[in-house]
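Only one structure is covered here, and it is reproduced in the block below.
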Amino acid sequence: MSIATITMRHQRALLVAVSTVLLASAAQASPRHHRHSPDEPTDSVLQVNADSLFADSVAAVYTNALAQLTQALATVRTSAKVNPYMFPLVGPATLWNGALAREMSISLDDADEQDTLGSSDDSQLELLASIHQSLGHAYTSTPQLFATTENEVMSTTRLRSDLSRTVRREERLSSQAQQERVSVNIAPVEVQAQRPNFWTTKGNGGLQFTQNYFSGNWYQGGEKNYSMLGLLTVDANFDNKQRIQWDNRFEAQLGFQTSESTKPKFRSTSNLLRLTSKLGVKAVKKWNYAAQLQLQSQPYMTYDGSGENITADFLSPLYVRSSLGMDYKFSWKRLSGSLYLAPLSYNITYVDRNGLLSRYGIHTGHHSKHDWGPNINLTFTYQIMDNIKWTSRAYWFSNLSLTRIEWENTFDFKVNRYISAKLFLYPRFEDSSVSYRAGDNHDGTYWMFKEFLSLGLNYDF
73 MSIATITMRH QRALLVAVST VLLASAAQAS PRHHRHSPDE PTDSVLQVNA
123 DSLFADSVAA VYTNALAQLT QALATVRTSA KVNPYMFPLV GPATLWNGAL
173 AREMSISLDD ADEQDTLGSS DDSQLELLAS IHQSLGHAYT STPQLFATTE
223 NEVMSTTRLR SDLSRTVRRE ERLSSQAQQE RVSVNIAPVE VQAQRPNFWT
273 TKGNGGLQFT QNYFSGNWYQ GGEKNYSMLG LLTVDANFDN KQRIQWDNRF
323 EAQLGFQTSE STKPKFRSTS NLLRLTSKLG VKAVKKWNYA AQLQLQSQPY
373 MTYDGSGENI TADFLSPLYV RSSLGMDYKF SWKRLSGSLY LAPLSYNITY
423 VDRNGLLSRY GIHTGHHSKH DWGPNINLTF TYQIMDNIKW TSRAYWFSNL
473 SLTRIEWENT FDFKVNRYIS AKLFLYPRFE DSSVSYRAGD NHDGTYWMFK
523 EFLSLGLNYD F
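Right, here's the structure in full:
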């Protein structure tokens, strides 16, 4: 049997054989002598013969066991260089501390290091435990065979010390750490509750210019002119994420164009001041109970085509529109906005200039008129592309005496953060006054249209 093929089963069988031989040697070391008396009967002689035959049988058994032990010890001696745990079996009869500690149930350093290190799945440690168990049995059965101690063997025998791995006691880090009392001083903490800010603000401003120049002898003729358009939109919205929503928007537009042939020299091309405020209380899901108030006028005078007649001025007219209804807010991918349905609305049209009363359907001697009826207001923003945005506002109001429809559309073409182009399309319908009819004789429809395209500075804040 080679060294590599020695298994745990062979090693444990070897231990049993060693124990058997040790016990047999003890029995042979102290034989019992039976002396016969001349006066004993014949059956005593037969008994002696029987004892002799039994002794011969036992001797034969012991002889066979001794042969097996000799063969096993030869194998063990060849593997001793590989497995040092087998040394107590092939060395002299010695009282080993580990075996004594196990047998006498005492704790020694060497016994602890050999028996308690590692896990129970270690085959070498299982072999060592079996060796100690067999040696302990031999110590208690035949103590007279063991006259040498481990200390004597270790002092006189040259043992190999070139082990590749040193076996050390496993110790926990917690047992090595010094136990120190740590005192923690907790300073008083001042708790500050900061109220969240439910307001969100944003705005957009733009300023665009246009310039045309013609020399005095230009073959087609022409008139040099300059135009300017300023736009401002500011939003301030409140939302406490529970029940209350309050949306506010201020819009201002002011545009001028110069002219050399007509008067006045500066003529207004775009003229708007509008403030819209809407207060909503959550009803269910995306629906809110809402109340809306809107004020609209213009900051500068405007003229008709001849440049002689004023058509509008500050507070002439002034629209005051109030209503109660339901507001539905929606948001889907690139589209967001709100739909306001007001079954009850109250509109006031105020004109300060006496010469403009009839133009806005107000009787002479009065400066205002009042209209009741339902209205619908739809506003939305659609991000067509990353640099193209469409903002729209649609308004409808009607009763038995008049109908008003407004649809404002602004297309923003953003070049970069500061430069953009704007296309403004504004169809409008109103039949409250005959002066709103198209044509010189006011015999056309009440539809009217406004459009401008500009390129200039733009800034979001």
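Counting with this note's numbering, you get residues 73 to 533 for the letters of the sequence shown.
By construction, the Cβ of each residue, glycine as well, lies at the ideal position given by its N, Cα and C atoms.
| Query | Result |
| --- | --- |
| What would DSSP say about GLY170, mapped onto helix, strand or coil? | helix |
| For LEU472, which of helix, strand or coil comes out of DSSP? | coil |
| With a threshold of 6 Å on Cβ separation, who are the neighbours of ALA324 within its own chain once the five nearest residues in sequence on each side are excluded? | LEU304, LEU345 |
| Name the two residues that bound the continuous beta strand (DSSP E) containing PRO156. | It is not in any beta strand (DSSP E) - PRO156 carries neither H nor E in the DSSP assignment. |
| If you draw a straight line from the alpha carbon of ALA183 to that of HIS204, how long is it in whole angstroms? | Any reading at ALA183 must be qualified, since the residue scores a pLDDT of 45, below 50, and its modelled position is unreliable; no value is offered. |
| SER255 lies in the alpha helix (DSSP H); which residues open and close that run? | Premise fails: SER255 is in no alpha helix (DSSP H) and is neither H nor E. |
| What is the DSSP secondary structure of SER179, counted as helix, strand or coil? | In this prediction, SER179 scores a pLDDT of 48, lower than 50, which makes its location untrustworthy; the coordinate-derived value is nonetheless stated afterwards. In this structure, SER179 counts as coil in the three-state DSSP scheme. |
| Measuring CA to CA, which of ALA355, ASN343, MET300 is closest to GLN317? | ALA355 |
| Do you know how far the Cα of LEU161 is from the Cα of HIS105? | Its pLDDT being 42, under 50, HIS105 is placed unreliably by the model, and the measurement read from it follows with that caveat. One C-alpha to the other measures close to 32 Å. |
| According to DSSP, what are the bridge partners of TYR508? | None, per the DSSP bridge assignment. |
| Considering HIS442, what are the terminal residues of the beta strand (DSSP E) in which it resides? | 440-457 |
| Spatial neighbours of LYS405 within its chain, please: C-beta separation below 7 Å, excluding the five flanking residues on both sides. | none |
| Can you have a look at TYR490 and say buried or exposed, based on whether 16 or more other CB atoms are within 10 angstroms of its CB? | exposed |
| List, from N- to C-terminal side, the alpha helix (DSSP H) runs of 4 residues or more that fit wholly inside the segment 360-384. | none |
| Skipping 5 residues on each side, what residues in its chain have a beta carbon closer than 7 Å to that of ASN284? | LYS296, ASN297 |
| Measuring only the C-alpha atoms, how far is PRO268 from SER394? | 31 Å |
| List the endpoints of the continuous alpha helix (DSSP H) containing TYR211. | 195-213 |
| Please check the pair GLY278 and LYS494, which I expect to be a contact at CB under 8 Å, by giving their CB distance rounded to whole angstroms. | 7 Å |
| Alpha carbon to alpha carbon, how far is LEU411 from LEU450? Give it in angstroms, no decimals. | 5 Å |
| Going by DSSP, which residues form a beta bridge with GLN264? | In DSSP, GLN264 forms no bridge with anything. |
| Are there 16 or more other CB atoms within 10 angstroms of the CB of GLY352, so buried, or fewer, so exposed? | buried |
| Report the rounded CA-to-CA distance for PRO499 versus GLU480, giving the unit in angstroms. | 7 Å |
| Name the DSSP bridge partner or partners of TRP462? | TYR454, PHE483 |
| Quick one: using the 10 Å Cβ neighbour count with 16 as the cut-off for buried, is MET158 buried or exposed? | buried |
| Note down, in chain order, each residue of its chain lying with its Cβ closer than 8 Å to the Cβ of ALA165, except the 5 sequence neighbours on either side. | LEU217, PHE218, ALA219, THR220 |
| Considering only C-alpha positions, which residue in the set SER342, TRP468, ASP515 is nearest to PHE524? | SER342 |
| Which one or two residues does DSSP pair with VAL356 in a beta bridge? | TRP359 |
| Have a look at GLY294, VAL423, LYS274, TYR372 and flag the residue whose alpha-carbon is nearest the alpha-carbon of GLY327. | TYR372 |
| Determine the closest residue to ASP503 out of ARG465, PHE485, GLU478, LEU527, with distance taken between C-alpha atoms. | GLU478 |
| List the whole-angstrom C-beta distance separating LEU390 from TYR422, where the pair is believed to meet the contact cut-off of C-beta under 8 Å. | 4 Å |
| Roughly how many angstroms lie between the CA atoms of ILE408 and LEU367, to the nearest whole one? | Checking the sequence, you will find Ser at residue 408 rather than Ile. Going by the C-alpha atoms only, they are around 24 Å apart. |
| In the structure shown, what three-state DSSP assignment does GLU222 receive? | helix |
| Checking 8 Å against the spacing of the C-beta atoms, do PRO446 and ALA466 come in under that value? | no |
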